[in-house]
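Q: Residue numbers (numbering that gives the first Met the number 0), protein chains in the order written: chain A, 0 to 192; chain B, 0 to 192.
Protein chains: 2
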Amino acid sequence: MKQSRGAKCIVFPTPVFVVGTYGGEGKPNMMTAAWGGICCSRPPSVAVSLRAATYSHSNIKAREAFTISIPSEAYVVEADYAGIASGRDVDKFAVTGLTPVRSELVDAPYVAEFPMVLECKLAHIVEVGLHTMFVGEILDVKGEDTVFDENGHLDIAKVQPLLWAPDGRGYYGVGEFRGEAFQIGRELIVKGA
Amino acid sequence: MKQSRGAKCIVFPTPVFVVGTYGGEGKPNMMTAAWGGICCSRPPSVAVSLRAATYSHSNIKAREAFTISIPSEAYVVEADYAGIASGRDVDKFAVTGLTPVRSELVDAPYVAEFPMVLECKLAHIVEVGLHTMFVGEILDVKGEDTVFDENGHLDIAKVQPLLWAPDGRGYYGVGEFRGEAFQIGRELIVKGA
Numbered sequence: 000m001k002q003s004r005g006a007k008c009i010v011f012p013t014p015v016f017v018v019g020t021y022g023g024e025g026k027p028n029m030m031t032a033a034w035g036g037i038c039c040s041r042p043p044s045v046a047v048s049l050r051a052a053t054y055s056h057s058n059i060k061a062r063e064a065f066t067i068s069i070p071s072e073a074y075v076v077e078a079d080y081a082g083i084a085s086g087r088d089v090d091k092f093a094v095t096g097l098t099p100v101r102s103e104l105v106d107a108p109y110v111a112e113f114p115m116v117l118e119c120k121l122a123h124i125v126e127v128g129l130h131t132m133f134v135g136e137i138l139d140v141k142g143e144d145t146v147f148d149e150n151g152h153l154d155i156a157k158v159q160p161l162l163w164a165p166d167g168r169g170y171y172g173v174g175e176f177r178g179e180a181f182q183i184g185r186e187l188i189v190k191g192a
Numbered sequence: 000m001k002q003s004r005g006a007k008c009i010v011f012p013t014p015v016f017v018v019g020t021y022g023g024e025g026k027p028n029m030m031t032a033a034w035g036g037i038c039c040s041r042p043p044s045v046a047v048s049l050r051a052a053t054y055s056h057s058n059i060k061a062r063e064a065f066t067i068s069i070p071s072e073a074y075v076v077e078a079d080y081a082g083i084a085s086g087r088d089v090d091k092f093a094v095t096g097l098t099p100v101r102s103e104l105v106d107a108p109y110v111a112e113f114p115m116v117l118e119c120k121l122a123h124i125v126e127v128g129l130h131t132m133f134v135g136e137i138l139d140v141k142g143e144d145t146v147f148d149e150n151g152h153l154d155i156a157k158v159q160p161l162l163w164a165p166d167g168r169g170y171y172g173v174g175e176f177r178g179e180a181f182q183i184g185r186e187l188i189v190k191g192a
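1. Which residues in the same chain have their Cβ closer than 7 Å to the Cβ of residue 62 of chain A, if we skip the five residues on either side of it in sequence?
2. Report the option in B:12, B:38, B:8, B:140 whose CA atom is closest to the CA atom of residue 125 of chain A.
3. As an exercise, report each continuous alpha helix (DSSP H) stretch of at least 4 residues that is fully enclosed by the stretch 65-97 of chain B, in chain order.
4. On the three-state DSSP scale, how would you describe residue 144 of chain A?
5. Taking 7 Å as the threshold (beta carbon to beta carbon), is residue 59 of chain B in contact with chain A?
6. At a Cβ threshold of 7 Å, is residue 0 of chain A touching chain B?
7. Could one say the Cβ of residue 133 of chain A lies closer than 7 Å to chain E's Cβ atoms, at least one of them?
8. What is the DSSP secondary structure of residue 187 of chain A, reduced to helix, strand or coil?
9. How many Å lie between residue 0 of chain B and residue 100 of chain A at the Cα?
10. Could you name the residues of the same chain whose beta carbon sits closer than 6 Å to that of residue 85 of chain B, not counting the 5 residues immediately before and after it, in chain order?
11. Hey, would you say residue 135 of chain A sits closer than 7 Å to residue 10 of chain A, going by beta carbons?
12. Considering Cα atoms alone, identify which of B:15, B:56, B:4 is closest to residue 78 of chain B.
13. Assign residue 122 of chain B to one of three DSSP states: helix, strand, or coil.
14. Do residue 68 of chain A and residue 146 of chain A have their C-beta atoms closer together than 7 Å?
15. Going by DSSP, what residue range makes up the alpha helix (DSSP H) through residue 158 of chain A?
16. Please identify, using Cβ separations under 8 Å, the residues of the stretch 113-126 of chain B that lie next to chain A, in order along the chain.
17. Give every residue of the same chain whose Cβ lies closer than 8 Å to the Cβ of residue 154 of chain A, excluding the five residues on either side of it in the sequence, and list them in chain order.
18. Would you give the residue range spanned by the alpha helix (DSSP H) that residue 102 of chain B belongs to?
This is the structure we're talking about:
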């Protein structure tokens with residue numbers, strides 16, 4: 000029997016995106032956001048939603064660029080902090096000791112210590128309500144050379160990303176492998192044919 | 000040292016959303032999509048991106064509504080199948096044996112057997128490229144009475160949702176708890192003050 004939880008923002012899982020931007024005078028900033036995800040395959044695009052009140056919001060508008068760095072589990076404290084503090088008040092890179100790296104492709108910094116990063120050029124702005132959705136075209140995805148598998152793919156088990164659960168508000172790691180996509184469902188195609 | 004993986008759609012994790020719609024003559028359909036996520040807190044909104052070629056794409060446009068059912072790990076085969084087969088050709092509910100339930104709030108069905116569901120009214124359509132992004136206002140989130148925690152919150156550990164990893168293309172479960180959001184980062188606020 001299903002019970003109502005109301006008109007709330009709850010999906011499982013949400014990602015933990017650390018959005019990198021430059022502010023005034025080139026101050027690097029990072030901000031954690033869970034409202035986002037891939038939104039198009041061609042051009043490869045990712046969406047992230049931010050409130051207009053945030054420092055990152057105005058930074059993206061001004062520079063028309065952002066990065067998304069994916070923290071590994073080891074950086075859960077830093078990732079959470081980057082979602083609490085505002086870059087208007089503090090230098091979050093200085094406080095955390097993390098290192099901003101200037102992207103060579105877009106006008107935004109990413110986090111050197113995080114295992115994986117997307118470099119994005121602003122493509123669309125959608126005003127949804129309290130949040131503005133920024134759609135970025137993904138110009139490159141980079142990974143530490145330690146997080147690739149034997150086929151040259153980025154390996155989630157090596158990246159060890161965080162995921163977030165709204166409502167309960169916990170961060171979690173990635174669990175066990177449960178199957179290969181576009182493959183394990185094929186047994187039902189035979190049945191349905 | 001970071002290596003380039005190219006301009007690709009890779010973030011970790013992506014969700015496994017099973018999108019419920021009605022087709023012509025009220026045929027219920029479900030389609031699995033990983034390109035999506037929450038995109039606004041007020042009004043509570045979720046985005047899901049689909050190719051124009053899909054049955055679900057035209058269904059959402061016609062009915063201006065969709066649901067997102069979140070499969071538990073136990074339904075990984077059915078979830079994968081729903082992303083491979085097309086509702087134009089088969090009745091995916093009949094093939095899988097899953098049960099469509101008519102939403103009382105929007106003109107779309109959800110999956111009875113899945114532990115959690117969002118009922119969404121179409122709010123925005125954004126043409127990003129190969130994919131169209133459908134932004135839905137979340138009118139309700141429902142969960143099985145077995146997946147709530149003692150505080151009345153939906154519990155990710157009880158829902159046991161799947162997550163998906165592009166590039167390697169594996170499905171995974173949820174791993175261990177790593178910390179409480181808006182809490183564990185506070186130690187750095189003291190440091191930064």
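Cβ atoms here follow ideal geometry from the backbone N, Cα and C, with glycine treated the same way. As the structure is a prediction and not an experimental result, all values here were calculated from the model.
A: Reading off the structure:
1. 20, 21, 106, 107
2. B:38
3. 75-83, 91-95
4. helix
5. no
6. yes
7. Given the protein chain composition of this structure (A and B), no chain E is represented.
8. helix
9. 12 Å
10. 54
11. no
12. B:15
13. strand
14. no
15. 155-158
16. 115, 116, 117, 122, 123, 125
17. 146, 147, 148
18. Premise fails: residue 102 of chain B is in no alpha helix (DSSP H) and is neither H nor E.
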